[in-house]
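The end of the sequence shown is residue 620 by this note's numbering, with every number in the run present.
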Amino acid sequence: MSDTLNRKAILEDEENIVVSAGAGSGKTTILINKLNLEIEENKTHYKVAAVTFTNKAAEELKDKLGKAAQGHFFGTNDSFVEQEVIRPFIKDAYGNKFSGDFETEYYTTKFRSFQKGLKELKNKNILGTYYEKKRNFKFELAIDILNNSASAKQYLQAKYFRIFIDEYQDSDTDMHSFFMYLKEHLHINMFIVGDPKQSIYEWRGANPENFRNLLVSGHEFNTYELTQNFRCSISIQNYANLFFTHTCKQFQRREEKVVDVIGLTNSYTLEDLYDNNYLDPNKELTILRRKRNDAENIAINMNKHGHNFSYIPRTPLDKATKNSRVLKELAAYSKDKKHSVYHVINNLGIDLSAKEIREIESEIDILKNDHVNYRQITGMLEKLSSLLQINILEDELDSFTKVIYTDEYDVAFKGDSSINKAMTLHSSKGLEFDQVLFFASDLKVFKGEDLNEHYVATTRGKEKLIIVLDEESYLNYLQELIQGLGLDSLDELIKII
């Protein structure tokens, strides 16, 4: 079936669906269209849930749906099981000695067994995690609660008719088991989207085989594949697909010379690349590095040479928690003079009266004070929690104060005036840029490793891909690949300078 027909069939399909969507294939668009259609056609009390791996992705979906999103769940995988299963039903499953008003602490509270995790919840009121990265206590707990609480099962069955799950290739085994439990035992339909070529989180427990297995028959899913890339140029698509056996056959021969995939073998400066029209100075350039220190250092060095680069670090508030979105807005209010209380309210998407906005402004105004102390911050958050009817946990408070008192996080919350960026490869996942540069030595593809990371790096750029060929084995591996594809020379794939 053609790509166009697949997209049409996805919208019409009312069964369990799994979609393999390559980079730039319009995955978000198909998600939005399917969500819109199902919400619009639903005339019952049932709702949908759209779960993602980041708050940013969830908010993007919610924002694009607008009013249609009201009353439905949009959030991270973690927040879904915590808000919809664990907190409301833990007492029903295990008894009154357990409370749904627990704190989450993943860094200091670790254990090796499920029973030890339950003991921490019962005695210390703390939800921790396993030492072993391949196990996920939160999702094991959610399944166990469903097995022990008829009310939990009835609640989910009575509320949801479909769950949309994005980036499924990054799911771990326990997360996968949880969603399959909802499908098989509670008969909630699933709409699953992912791309096995973009699985780059196996080091923290992700198991891309979960997604691959759903794509084969026998799992009661209707499967679809979207391959048309709307983001990258044909040459960039050819280059990215070359490294996978099942996609290298998609190579599209062209009459024109390759000018948008450049391999650097000489010591070219940025000025050289601009002067020779290999880069467009009026468009953003993003440099990707494997390690955080390398990304940070290259931004510093570029700025020393007169180039306008910024490095955006991860902050403690990037960890997905129930109130991380609120706390990020407060951090932006604290660190960015242009970020007003109206930005905060608007970005949170809450409807408040003028009086309520003035009350919030009077409370959070203390964050504009460079010398605000810990007691003032906790006092402000307590009052704000009451106004917004939220409960800020201790670990969230710790993350927030770290951000407020650490200057190196300022750039993450201020309006970014830099046209160019340096970031880690993992941070770039899901993003797109005009021009991208990365270093061959960062990825060991010639050993058959880092193929998914390489795919992510090569598919971030829309118009230009620059590869610093600082690893001879990488170039040799390229030669092997083009011979296997029957190409006459590297010139059909990459312009080496």
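Positions of the beta carbon are idealized from the N, C-alpha and C atoms, including for glycine.
Have a look at V316, Q280 and A132 and flag the residue whose alpha-carbon is nearest the alpha-carbon of A173.
Counting from one through the sequence shown, the residue named residue 173 turns up at place 50. Checking every option, the nearest Cα to that of A173 belongs to V316.
Leaving aside the five residues before and after K257 along the sequence, list all residues of the same chain whose C-beta is less than 6 Å from its C-beta, in chain order.
Translated into positions along the sequence shown, residue 257 becomes position 134. Answer for K257: G328, listed in chain order.
Using the three-state DSSP reduction, which class does S621 fall into: helix, strand or coil?
Since the first and last residues shown for the chain are 124 and 620, residue 621 lies out of range.
Ordered along the chain, which non-local residues of its own chain (more than five positions away) have a Cβ less than 7 Å from that of A265?
The residue labelled residue 265 in the question sits at position 142 within the sequence shown. Excluding five sequence positions before and after A265, the CB atoms of its chain that fall closer than 7 Å to its own CB belong to V204, V208, I209 and F301, given in chain order.
Given a cut-off of 8 Å, decide if I515 and S508 are closer than it, judged by their beta-carbon atoms.
For this step, residue 508 is matched to residue 385 along the sequence shown. For this step, residue 515 is matched to residue 392 along the sequence shown. For S508 and I515, yes; Cβs fall inside 8 Å.
Could you tell me how far apart the beta carbons of A563 and Y597 are, in whole angstroms, since I believe they sit closer than 8 Å?
As a working mapping, residue 563 is identified with position 440 in the sequence shown. As a working mapping, residue 597 is identified with position 474 in the sequence shown. The pair is a contact, with the Cβ atoms about 4 Å apart (cut-off 8 Å).
Rounded to whole angstroms, what's the CA-CA distance from G149 to N352? Just pull it up for me.
What you label residue 149 is simply residue 26 of the sequence shown in a count that begins at 1. What you label residue 352 is simply residue 229 of the sequence shown in a count that begins at 1. Answer to the nearest angstrom: the Cα atoms are 8 Å apart.
For the candidate residues I140, I162 and E595, whose alpha-carbon lies nearest to that of N389?
To locate residue 389, count along the sequence shown from 1; it is residue 266. N389 has its Cα closest to that of E595, out of I140, I162 and E595.
Coarse secondary structure for S447, derived from DSSP in three states:
Numbered from 1 along the sequence shown, position 324 holds the residue referred to as residue 447. Helix at S447.
Quick check on DSSP: helix, strand or coil for N200?
Here residue 200 is taken as the residue at index 77 of the sequence shown, counted from 1. It is helical.
Tell me the start and end of each unbroken alpha helix (DSSP H) in the region 258–330 that is at least 4 residues and wholly inside, in chain order.
260–271, 273–282 and 296–308
If contacts are defined as beta-carbon pairs under 8 Å, then E519 and K506 qualify, I think. What distance do you get, rounded to the angstrom?
As a working note, residue 519 is residue 396 in the sequence shown. As a working note, residue 506 is residue 383 in the sequence shown. Wrong, their Cβ atoms sit about 16 Å apart, outside the cutoff.
Kindly list the residues whose CB is nearer than 7 Å to the CB of N446, restricted to its own chain and excluding five residues on each side of it in sequence; keep chain order.
The count along the sequence shown starts at 1 and reaches residue 446 at position 323. Cβ within range, chain order: I513, I515 and E519.
Proximal residues to Y362 (C-beta, below 7 Å), its chain only, five neighbours per side dropped:
In the sequence shown, counting from the first residue as 1, residue 362 sits at position 239. Once the five neighbours on either side are set aside, the close Cβ partners of Y362 are V384, T581, L588, L616 and I617.
State whether the region 468–480 contacts the region 221–236, with contact taken as three or more CB pairs (one from each stretch) at a distance under 8 Å.
no
Residue ranges of each beta strand (DSSP E) run of no fewer than 3 residues wholly in the region 147–234, ordered along the chain?
Taking 3 residues as the shortest admissible run, the region 147–234 contains the following complete beta strand (DSSP E) segments, listed from N- to C-terminal end: 170–175 and 196–199.
Tell whether a beta-carbon distance below 8 Å holds between F334 and M298.
The residue you call residue 334 lines up with position 211 of the sequence shown. The residue you call residue 298 lines up with position 175 of the sequence shown. No, they are not a contact pair.
Quick one: residues in its chain with C-beta nearer than 6 Å to the C-beta of P331, no 5 flanking neighbours on either side, listed in chain order?
Sequence index remark: in the sequence shown, residue 331 carries index 208 (1-based). Around P331: Q292, P319 and S322.
In chain order, what residues of the same chain have a beta carbon less than 7 Å from the beta carbon of E452, not counting five sequence neighbours either side?
Numbered from 1 along the sequence shown, position 329 holds the residue referred to as residue 452. Only residues of its own chain outside the window of five on either side were considered, and among them V467, N470 and L471 have a CB closer than 7 Å to the CB of E452, listed in chain order.
Got a sec? Which residues, its chain only, sit under 8 Å from F367 by beta carbon, not counting five neighbours each side?
Here residue 367 corresponds to residue number 244 of the sequence shown, with the count starting at 1. So the list reads K320, L574 and Y578, once near-sequence residues are dropped.
Skipping 5 residues on each side, what residues in its chain have a beta carbon closer than 7 Å to that of F122?
Past the edges of the chain, shown from 124 to 620, lies residue 122, and the structure says nothing about it.
Whole-angstrom distance between S358 and H428, CA atom to CA atom:
Within the sequence shown, numbered from 1, the residue matching residue 428 stands at position 305. Within the sequence shown, numbered from 1, the residue matching residue 358 stands at position 235. Rounded to whole angstroms, H428 to S358 spans 31 Å at the Cα level.
With a threshold of 8 Å between beta carbons, is K276 in contact with chain B?
Structure shown: chain B not included; a single protein chain is present.
Contact defined as beta carbons within less than 8 Å: I believe D215 pairs with S272. What is the distance between those atoms, to the nearest angstrom?
On the sequence shown, residue 215 is found 92 positions in, with the first residue counted as 1. On the sequence shown, residue 272 is found 149 positions in, with the first residue counted as 1. Indeed, because the Cβ distance is near 5 Å, the residues count as touching under 8 Å.
Within 10 Å of its beta-carbon, does L134 have 16 or more other beta-carbons around it, so buried, or fewer, so exposed?
Here residue 134 refers to the residue found at position 11 of the sequence shown. Classification of L134: exposed, given that the 10 Å Cβ count is below 16.
Just grab the DSSP bridge partners of R412 for me.
Indexing the sequence shown from 1 puts residue 412 at position 289. Its beta-bridge partners are T547.
On the three-state DSSP scale, how would you describe D565?
In the sequence shown, counting from the first residue as 1, residue 565 sits at position 442. Secondary structure at D565: helix, using DSSP grouped into helix, strand and coil.
How big is the Cα-Cα spacing for A181 and L440?
Walking along the sequence shown from the start, residue 181 turns up at place 58. Walking along the sequence shown from the start, residue 440 turns up at place 317. So the alpha carbons of these two residues sit roughly 16 Å apart.
Rounded to the nearest angstrom, what separates S222 and D267 at their Cα positions?
To locate residue 222, count along the sequence shown from 1; it is residue 99. To locate residue 267, count along the sequence shown from 1; it is residue 144. Going by the C-alpha atoms only, they are around 16 Å apart.
Check the C-beta distance from D126 over to T350 and give it rounded, since I have them as a contact under 8 Å.
Residue 126 sits at position 3 when you count from the first residue of the sequence shown. Residue 350 sits at position 227 when you count from the first residue of the sequence shown. Confirmed, about 6 Å.
Is DSSP giving E348 helix, strand or coil here?
Residue 348 sits at position 225 when you count from the first residue of the sequence shown. Residue state, collapsed to three classes: strand.
Check whether the Cβ atoms of Y532 and P436 lie closer than 8 Å to each other.
Position 409 of the sequence shown holds residue 532. Position 313 of the sequence shown holds residue 436. For Y532 and P436, yes; Cβs fall inside 8 Å.
Look at the alpha carbon of I483 and the alpha carbon of G147, and state the distance between them as a whole number of angstroms.
Walking along the sequence shown from the start, residue 483 turns up at place 360. Walking along the sequence shown from the start, residue 147 turns up at place 24. Taking the straight line joining both Cα atoms gives about 41 Å.
Coarse secondary structure for K587, derived from DSSP in three states
On the sequence shown, residue 587 is found 464 positions in, with the first residue counted as 1. K587: strand per DSSP, three-state reduction.
Rounded C-alpha distance that separates E407 from D557
Indexing the sequence shown from 1 puts residue 407 at position 284. Indexing the sequence shown from 1 puts residue 557 at position 434. C-alpha separation (whole angstroms): 6 Å.
Do the CB positions of K585 and R354 come within less than 8 Å of each other?
Counting from 1 along the sequence shown, the entry for residue 585 is found at position 462. Counting from 1 along the sequence shown, the entry for residue 354 is found at position 231. Contact: yes.
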